[in-house]
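J.:
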Amino acid sequence: MQTTGERVLLQGSEACVRGALAAGCRFYAGYPITPATEIMEQMSRAMPKAGGVFIQMEDEIASLGAVIGASLGGLKAMTATSGPGFSLMQEHISFAAMAEVPCVIVDVMRGGPSTGLPTRPSQSDVMQTRWGAHGDHPILVVAPSSAYEFFDLTVKAFNLAERYRSPVIVMADEIVAHTRESVVLPSLETLEIEDRPKPTMPPEWYSPYRDPGTGIPPMAAFGEGYRFHVTGLTHDINGYPTERQDETEELMTRLFNKISKDFHLLQWYDSYYEEGAEVTVIAYGSVARSALKAVKMAREKNLPVGLLKLKMIWPFMRRTVMRYLSSSRAVIVPEMNMGQLSREVKRVNQGTCQIRTLNRIDGAIISPAQILASIEEALA
Amino acid sequence: MSDEQHLIHRYLRSSKRFPHVWCPGCGIGIVLGALVRAIDASGCSKNDIVLISGIGCSGRLPVYLDFNTLHTTHGRALTFATGIKLAKPNLKVIAVMGDGDAASIGGNHLIHSARRNIDITAIIINNQIYGMTGGQASPTTPFGLHTASSPFGHLEHPFDISKLVEAAGAPFVARSTVYHARVLEKLIGRAIEKKGFSVVEVISPCVTHYGKMTGMNSPVEMMQWQRDNAITVEKAREMPVDEVKNKIVTGVLVDIEKPTFHEEHARLLREVR
């Protein structure tokens, strides 16, 4: 399961697993769920061969608990699930955000609500990735649209988790996870791999939550001689519970600022046919593939249309999206939900641009023809 | 100051703001003392101990002690413990939980940790009530008891935590009361030594809530109740079943040998690589 730089036929799930291995993931805990089970099965073979740990837990709550435990033990760790399991994980996503434990959670979206359409695609967890967990906290969410991006964004998700000491969610969908396609993966040497900041001071000088100036405290692993306390309670710089208002505000502010200070580095997108575009399609995940096809078809008809494919979903790329909103007459947001990301687009729009939603909730992907029709309406 | 107090002070965190959160007459401090003495006797270094808790009064235990300490979510201490143990197999991982924490919200993790036989020591402080939230019925609250959430008497029957984990496959199960603090210390020591999922159930008084509901209004009364109702497992074996039913059976209830998850995992790694 190593990355070779050769052309290979890969399912999105396999690409994700290869990405995780390349990023240094050595712990996987999970629970079977369609359509994310392939990731778990691949991991059950790959982890022991890589000298890592695979464990099937009793449920998704336990899975993310074990992942956080392993990360506190010093390993890069992940889990994968789908809607119902992702709902169960929310409590621990909140814990990981509060205790600042790096971890990666893959959510392969399927139709909902509830058990919904287990084998059909959807994009209905967009808001759950952002607001599913209790308490006010920042979160990082990336969305692949192809097997290659599933590899690439899984590597980057681990890097973000380590860099910001934060839970990071890879928001995929059933189509991206199950589609087999020809992929050229980068060779391992060319990959940039980041590791969490480690303390360099002696243990007696170490305060596990003291801001070193970057907003991200160095993180020792349990058992390395730095004995410290980790809690989901609001805590002071030593990790001890506090209810003092000054300490509470300091912690909360740092949690937000450590990511918001880098918003300019977190504008991850691809832009197609930007030149002269009067209409821009803003899409993500598998729908971005349909959108690209639709935009190509439109350009063949000499229609001035471009595509903005979002790879970073949260934090929402306000700066980038605003640029396209100000240069376009209309923006179309096709989504396999009733309009989740389009709410964000509308929020940052400030009335300058016409926003058209295109929603599909019948368990099927939005076709290029549907998007093309919407483009033609927008230009009419 | 006696030697015992000196020993405790070697393990308390000097940087932690005191006093602690527990009510006067609470048994958790006695468990803390027994745990520290057991760890001290085991010869383990502070760096090699990971002490994990869930939520509730027992959840506040680790923060006072100078180990690698982790205060997790309600009921999930064992899931975090599993991850840490597998990431760092050489560390001694000890989880401290309450009865609601371990057997209600965390019941699934408890039985699966026992089944999996992961090398973790679980100390379950059973005060038969939810103390932190104000005295609601827990999974070990006796039938008929009036509590904050069963004002007309509890309609449900309690778990026997030790029997539950035995049935789920735990290779070491012991029970003590906090009144028998010395026995408790020895049992915790044996549980820490044991390879595999080892459980020590500790019957502990919650004077503030359980005492109020049962009419035992002082810590002394609750301690006397423990003293008068506890019998050793050896004695229980010679007594008629009906007489044992309402007693607290203490001592080592299960001690068998079984391969641990970690040993099986290490074998797997050797085989596939």
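Protein chains in written order, with the numbering used here: chain A, 1490 to 1869; chain B, 3 to 275.
For every residue, glycine included, the Cβ atom is placed at its ideal position computed from N, Cα and C.
Small disclaimer: the values here were computed from a predicted structure and weren't measured.
#1: Would you decide whether A1869 (chain A) is buried or exposed? Buried here means 16 or more other CB atoms lie within 10 Å of its CB.
#2: Between L1680 (chain A) and R1534 (chain A), what straight-line distance do the alpha-carbon atoms span, to the nearest angstrom?
#3: At the 7 angstroms Cβ level, is T1720 (chain A) part of the contact set with chain B, yes or no?
#4: Could you name the residues of the same chain whose beta carbon sits closer than 6 angstroms to that of G1600 (chain A), not counting the 5 residues immediately before and after it, in chain order?
#5: Compare the C-beta of L34 (chain B) with all C-beta atoms of chain A and state if any pair is closer than 7 angstroms.
#6: Using 8 angstroms as the Cβ pair cut-off and three pairs as the minimum, do the region 116-130 of chain B and the region 261-268 of chain B touch?
#7: For A1819 (chain A), which of helix, strand or coil comes out of DSSP?
#8: Give a yes or no on whether 7 angstroms exceeds the smallest Cβ distance from A1622 (chain A) to chain B.
#9: Is there a Cβ from chain B that is less than 7 angstroms from the Cβ of E1732 (chain A)?
#10: With C-beta atoms as the reference, is A1871 (chain A) less than 7 angstroms away from F1639 (chain A)?
#11: So, is Q1839 (chain A) buried or exposed, given that buried needs 16 or more other C-beta atoms within 10 angstroms?
#12: Under the DSSP definition of a beta bridge, which residues are partnered with K1565 (chain A)?
#13: Using a beta-carbon distance below 7 angstroms, is L1561 (chain A) in contact with chain B?
#14: Using 8 angstroms as the Cβ pair cut-off and three pairs as the minimum, do the region 1683-1697 of chain A and the region 1740-1753 of chain A touch?
#15: One question on the structure: do V1665 (chain A) and S1775 (chain A) come within less than 7 angstroms of each other, judged by their Cβ atoms?
#16: Would you mind working out which of B:M215, B:A105, B:A172, B:P221 sits nearest K197 (chain B), comparing C-alpha positions?
#17: Taking only beta carbons into account, state which residues of the region 1534-1551 of chain A come closer than 8 angstroms to chain B, listed in chain order.
#18: Tell me the DSSP secondary structure of Y1762 (chain A) in three-state form.
#19: Tell me which residues of the region 1513-1532 of chain A have at least one Cβ-Cβ distance to chain B shorter than 7 angstroms, keeping chain order.
#20: Do V33 (chain B) and I96 (chain B) have their C-beta atoms closer together than 7 angstroms?
#21: By DSSP, does Q1839 (chain A) sit in helix, in strand, or in coil?
#22: Does the Cβ-Cβ distance between K48 (chain B) and D68 (chain B) come in under 7 angstroms?
#23: In the DSSP assignment, the alpha helix (DSSP H) including V1776 (chain A) goes from what residue to what residue?
#24: Is it true that the region 184-194 of chain B meets the region 207-227 of chain B, where meeting means three or more beta-carbon pairs spaced less than 8 angstroms apart?
#25: Assign M1827 (chain A) to one of three DSSP states: helix, strand, or coil.
#26: Mind listing, in chain order, the continuous alpha helix (DSSP H) runs of no fewer than 4 residues lying wholly within the region 1596-1633 of chain A?
#27: Strictly below 7 angstroms CB to CB, what residues from chain B border L1564 (chain A)?
#28: Can you list, in chain order, the residues of its chain whose CB lies under 8 angstroms from that of M1536 (chain A), leaving out five sequence neighbours each side?
#29: Have a look at A1636 (chain A) and K260 (chain B) and give me their C-alpha separation to the nearest angstrom.
#30: Near V98 (chain B), what residues of its chain come up, given a Cβ to Cβ distance below 6 angstroms and the 5 sequence neighbours on each side ignored?
#31: For the ligand ATP, any of its heavy atoms closer than 6 angstroms to the Cβ of N1848 (chain A)?
#32: How about the region 1584-1591 of chain A and the region 1619-1635 of chain A: do they share at least three Cβ pairs that are nearer than 8 angstroms?
#33: Name the residues in the region 1573-1603 of chain A whose C-beta lies less than 9 angstroms from a C-beta of chain B; which are they?
#34: At the 7 angstroms Cβ level, is H111 (chain B) part of the contact set with chain A, yes or no?
#35: Using the rule of at least 16 other Cβ atoms within 10 Å of the residue's Cβ for burial, across every protein chain shown, is D103 (chain B) buried or exposed?
#36: Can you tell me the Cα-Cα spacing of A1766 (chain A) and Q1756 (chain A), whole angstroms?
T.: Reading off the structure:
#1: Position 380 of the first sequence, counted from the first residue, corresponds to residue 1869 (chain A). Residue burial is scored here from C-beta neighbours: A1869 (chain A) has fewer than 16 other C-beta atoms within 10 angstroms and is therefore classed as exposed.
#2: As a first step, residue 1680 (chain A) must be located in the first sequence, where it is residue number 191. As a first step, residue 1534 (chain A) must be located in the first sequence, where it is residue number 45. C-alpha of L1680 (chain A) to C-alpha of R1534 (chain A): approximately 23 angstroms in a straight line.
#3: Here residue 1720 (chain A) refers to the residue found at position 231 of the first sequence. Judged by the 7 angstroms Cβ criterion, T1720 (chain A) is in contact with chain B.
#4: On the first sequence, position 111 is the one that residue 1600 (chain A) refers to. Hits under 6 angstroms: L1606, R1609, S1611, G1852.
#5: Along the second sequence, read from residue 1 onward, the residue named residue 34 (chain B) stands at position 32. By this cut-off, L34 (chain B) is not an interface position.
#6: Yes, since at least three Cβ pairs between the region 116-130 of chain B and the region 261-268 of chain B fall closer than 8 angstroms, the two stretches touch.
#7: On the first sequence, position 330 is the one that residue 1819 (chain A) refers to. The three-state reading of DSSP puts A1819 (chain A) in strand, counting E and B together.
#8: Taking the first sequence and counting its residues from 1, one reaches residue 1622 (chain A) at position 133. Interface with chain B (7 angstroms Cβ-Cβ cutoff): A1622 (chain A) is excluded.
#9: Translated into the one-based positions of the first sequence, residue 1732 (chain A) becomes position 243. So, not an interface residue.
#10: Residue 1871 (chain A) is absent from the model: chain A starts at 1490 and stops at 1869.
#11: On the first sequence, residue 1839 (chain A) is found 350 positions in, with the first residue counted as 1. The Cβ neighbour count for Q1839 (chain A), taken over all protein chains shown within 10 Å, is under 16; the residue is labelled exposed.
#12: The residue you call residue 1565 (chain A) lines up with position 76 of the first sequence. According to the DSSP secondary-structure assignment, K1565 (chain A) is paired through a beta bridge with A:C1514.
#13: The sequence position of residue 1561 (chain A) within the first sequence is 72, counting from 1. At least one CB of chain B lies nearer than 7 angstroms to the CB of L1561 (chain A).
#14: The region 1683-1697 of chain A makes no contact with the region 1740-1753 of chain A, as fewer than three CB pairs between them are under 8 angstroms.
#15: Within the first sequence, residue 1665 (chain A) is the residue found at index 176, counting from 1. Within the first sequence, residue 1775 (chain A) is the residue found at index 286, counting from 1. Yes, they are a contact pair.
#16: The residue you call residue 197 (chain B) lines up with position 195 of the second sequence. The closest CA to that of K197 (chain B), considering only B:M215, B:A105, B:A172, B:P221, is found on B:A172.
#17: Along the region 1534-1551 of chain A, the positions whose C-beta sits under 8 angstroms from a C-beta of chain B are P1537, K1538, G1540, V1542, I1544, M1546, E1547, D1548, I1550, A1551, read in chain order.
#18: Residue mapping note: residue 1762 (chain A) aligns to position 273 of the first sequence, counting from 1. Three-state DSSP puts Y1762 (chain A) in coil, outside helix and strand.
#19: Listed by position, the residues of the region 1513-1532 of chain A near chain B (Cβ gap below 7 angstroms) are F1516, A1518.
#20: Sequence index remark: in the second sequence, residue 33 (chain B) carries index 31 (1-based). Sequence index remark: in the second sequence, residue 96 (chain B) carries index 94 (1-based). No, these two residues do not count as a Cβ contact at 7 angstroms.
#21: Walking along the first sequence from the start, residue 1839 (chain A) turns up at place 350. Coil, per DSSP.
#22: Stepping through the second sequence from its first residue, residue 48 (chain B) is reached at position 46. Stepping through the second sequence from its first residue, residue 68 (chain B) is reached at position 66. Taking 7 angstroms as the Cβ cut-off, K48 (chain B) and D68 (chain B) qualify as a contacting pair.
#23: Mapped onto the first sequence, residue 1776 (chain A) falls at position 287. Per DSSP, V1776 (chain A) is one residue of the alpha helix (DSSP H) stretching across 1775-1789.
#24: Output reads no: the region 207-227 of chain B does not touch the region 184-194 of chain B.
#25: Working through the first sequence from its first residue, we reach residue 1827 (chain A) at position 338. In the structure shown, the three-state DSSP call for M1827 (chain A) is coil.
#26: For the region 1596-1633 of chain A, whole alpha helix (DSSP H) runs of length 4 or above, ordered along the chain, are 1615-1620.
#27: Here residue 1564 (chain A) is taken as the residue at index 75 of the first sequence, counted from 1. Proximity of chain B to L1564 (chain A) at the Cβ level (cut-off 7 angstroms) is accounted for by A89, in chain order.
#28: If you number the first sequence from 1, residue 1536 (chain A) lands on position 47. The residues are R1515, F1516, Y1517, V1542, F1543.
#29: The count along the first sequence starts at 1 and reaches residue 1636 (chain A) at position 147. The count along the second sequence starts at 1 and reaches residue 260 (chain B) at position 258. Separation of A1636 (chain A) and K260 (chain B) (C-alpha to C-alpha, rounded to the nearest whole angstrom) is 43 angstroms.
#30: Numbered from 1 along the second sequence, position 96 holds the residue referred to as residue 98 (chain B). Answer for V98 (chain B): S55, S60, L63, I125, listed in chain order.
#31: In the structure on display, the ligand ATP does not appear, and there are no ligands present to speak of.
#32: Short answer: they touch.
#33: Taking 9 angstroms as the upper bound on Cβ-Cβ separation, chain B lies near residues E1580, H1581, S1583, F1584, A1588 of the region 1573-1603 of chain A.
#34: Here residue 111 (chain B) refers to the residue found at position 109 of the second sequence. Answer yes: the Cβ-Cβ gap between H111 (chain B) and chain A drops below 7 angstroms somewhere.
#35: Here residue 103 (chain B) corresponds to residue number 101 of the second sequence, with the count starting at 1. The residue is buried, with at least 16 neighbouring Cβ atoms inside 10 Å.
#36: In the first sequence, counting from the first residue as 1, residue 1766 (chain A) sits at position 277. In the first sequence, counting from the first residue as 1, residue 1756 (chain A) sits at position 267. Their Cα atoms are separated by approximately 20 angstroms.
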